[in-house]
Ligand code: ADP
Ligand code: MG
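Numbering (full-length UniProt numbering), first residue to last: 7 to 360.
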């Protein structure tokens with residue numbers, strides 16, 4: 007498995023009219039699954055196509071497995087790509103589809119078919135080789151597309167929104183399979199999605215992109231627990247954005263007042279004064295009755311919704327509107343109640359605006 011390095015890569019289209027990627031640098035280690043995550047149009051596919059050699063950077067350098075491939079055509083790169091539309095040949099059997107790339111690159115048909123059947127075994131479709139793609143479910147067809155990429159034994163496997171044609175339940179199942187396979191084979195993989203849950207589920211690391219640049223990169227946990235900006239906090243999981251006041255700094259930590267409630271949070275270059283705080287919905291603790299009356303931040307519950315595994319509340323308070331998820335479903339708080347509001351520091355982060 008090879009590494010993938012981008013050094014200050016910029017890609018413009020239409021003689022500079024559109025900047026798809028703006029001075030992007032990252033380093034993907036051998037055997038790692040890294041996800042490019044971001045809203046539509048942020049430059050994910052362009053980045054992937056540049057790794058594949060289907061597009062070339064306007065400026066900057068791309069290295070695969072320590073080798074400069076910036077100017078190498080796609081056919082000379084040891085990568086293979088799984089597309090959103092699985093793009094199987096409808097008139098060829100499943101095994102012929104998987105063997106296709108091998109025969110094109112000169113392998114004898116019998117050998118190619120043997121390898122293809124092994125590849126189908128890896129994705130749990132050993133018995134389906136003789137069918138036509140139309141005789142498989144969507145999830146099975148996508149697994150065939152994965153097998154077709156795997157049999158080429160690429161140095162880097164690229165996947166561009168591979169699950170977006172599947173329904174929600176199947177997506178969860180197939181993403182787990184892709185992740186298992188990637189780990190079992192020790193593949194370097196670059197996975198593109200706009201779905202944050204999918205990114206959290208499959209990735210060693212996530213590179214979050216926004217408007218042609220990297221907004222933040224890190225492990226799923228780092229991004230969720232230490233979002234650098236309001237954009238990341240809102241994009242990775244749910245977040246309420248409230249205003250707080252830093253009233254003391256001690257080393258790495260900042261004491262923050264949120265409507266009279268005090269929490270100590272990791273600071274990141276914030277000084278004293280007003281700050282934005284991202285608050286996870288499950289980090290808000292609502293108390294009604296006597297306990298709530300003693301708390302300094304008060305609010306009014308405007309909506310209370312039972313969702314089986316949790317209650318969802320909307321609360322109006324001095325620092326704004328809060329969306330709250332509360333796992334305590336046995337004694338739900340009624341809409342219209344006055345409540346006291348507390349925060350669990352673990353689900354809070356200081357963020358920069360924007
Ligand atoms: P994503 O995959 O994140 O949705 P893309 O990489 O496809 O984003 O696109 C990034 C930007 O580059 C968008 O503004 C898109 O319109 C533009 N773009 C992509 N491909 C081309 C192209 N071949 N010609 C002109 N503009 C393009
Ligand atoms: Mg795309």
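Idealized CB from N, CA, C, for every residue including glycine.
For the ligand MG, is there any heavy atom lying closer than 8 Å to the beta carbon of residue i?
i           : result
residue 50  : yes
residue 61  : no
residue 203 : no
residue 357 : no
residue 198 : yes
residue 258 : no
residue 167 : yes
CB of residue i to nearest heavy atom of the ligand ADP: below 8 Å?
i           : result
residue 19  : yes
residue 66  : no
residue 46  : yes
residue 53  : yes
residue 26  : yes
residue 170 : no
residue 87  : no
residue 91  : no
residue 215 : yes
residue 218 : yes
Quick check: the Cα distance between residue i and residue j, rounded to an integer number of angstroms?
i           : j           : result
residue 360 : residue 181 : Low local confidence applies: a pLDDT of 49 at residue 360 is under 50, so the model's placement there is unreliable, with the coordinate-based value given in what follows. Cα to Cα, residue 360 sits roughly 32 Å from residue 181.
residue 189 : residue 86  : 17 Å
residue 51  : residue 198 : 7 Å
residue 347 : residue 32  : 41 Å
residue 136 : residue 156 : 19 Å
residue 193 : residue 184 : 11 Å
residue 68  : residue 119 : 34 Å
residue 243 : residue 195 : 23 Å
residue 291 : residue 332 : 8 Å
residue 170 : residue 300 : 49 Å
residue 187 : residue 64  : 34 Å
residue 221 : residue 214 : 5 Å
residue 140 : residue 115 : 23 Å
residue 273 : residue 351 : 13 Å
residue 341 : residue 312 : 11 Å
Whose CA, out of the options, lies closest to the CA of residue i?
i           : options               : result
residue 158 : 88, 223 and 142       : 88
residue 107 : 229, 250, 154 and 93  : 154
residue 296 : 121, 160 and 344      : 344
residue 127 : 101, 116, 139 and 145 : 101
residue 226 : 209, 287 and 256      : 209
residue 287 : 277, 146, 160 and 355 : 355
residue 255 : 267, 116, 264 and 271 : 271
residue 129 : 303, 94, 147 and 140  : 147
residue 173 : 113, 200 and 145      : 145
residue 29  : 275, 218 and 224      : 218
residue 83  : 70, 327, 260 and 20   : 70
residue 264 : 17, 93, 285 and 122   : 285
Quick test of your reading: residue i and residue j, contact by CB under 8 Å. State the CB separation rounded to the nearest angstrom.
i           : j           : result
residue 289 : residue 349 : 6 Å
residue 49  : residue 23  : Wrong, their Cβ atoms sit about 15 Å apart, outside the cutoff.
residue 43  : residue 205 : 4 Å
residue 150 : residue 131 : 7 Å
Do the stretch 157 to 173 and the stretch 51 to 64 meet, that is, are 3 or more Cβ pairs less than 8 Å apart?
yes
Kindly confirm or deny that the stretch 32 to 45 and the stretch 9 to 21 touch, where touching means at least three C-beta pairs closer than 8 Å.
yes
Taking contact to mean at least 3 C-beta pairs separated by less than 8 Å, is the stretch 322 to 336 in contact with the stretch 300 to 308?
yes
Does the stretch 74 to 84 come close enough to the stretch 234 to 254 to have 3 or more Cβ pairs within less than 8 Å?
no
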